[in-house]
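Engineer:
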Amino acid sequence: MRELNCPGCPGRRTPRQYLCSACWRTLPAVTRGRLARRDQHAGLRLRELHTALAARTPLGVIRVSR
Ligand SMILES: [Zn+2]
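Each residue of the sequence shown is one higher than the one before, starting from 2 at the first, in the working numbering.
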């Protein structure tokens, strides 16, 4: 399967994932639940995730809106 760089660590992710499975498991449960929803706000939440990662926010405290 094709793999991409994980934005949260030097590891790899599949195209269907925002993060590798190790990073994904480190996110707070509420953040995972929101990011897993695919609605009209999904792009906004993904931008919030990437903004937090760019600011070097620890994965365990990253929150996204809605
Ligand atoms: Zn990762």
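Ideal Cβ placement from N, Cα and C applies to all residues, glycine included. Computed from a prediction, not measured in an experiment: that's the story for all the values here.
Please write down, chain order preserved, every residue whose beta carbon lies under 7 Å from a heavy atom of ligand 1.
Structural biologist: With 7 Å as the limit, the residues whose C-beta approaches a heavy atom of ligand 1 more closely than that are 7, 9, 10, 12, 14, 20, 21, 23, 24, in chain order.
Engineer: What runs of the alpha helix (DSSP H), each 4 residues or longer, lie entirely inside the segment 6-45?
Structural biologist: 22-27, 30-37
Engineer: Spatial neighbours of residue 19 within its chain, please: C-beta separation below 7 Å, excluding the five flanking residues on both sides.
Structural biologist: 36, 47, 50
Engineer: Residue 33 to residue 15, Cα distance in whole Å?
Structural biologist: So the alpha carbons of these two residues sit roughly 17 Å apart.
Engineer: CA-CA distance, residue 26 and residue 55?
Structural biologist: 19 Å
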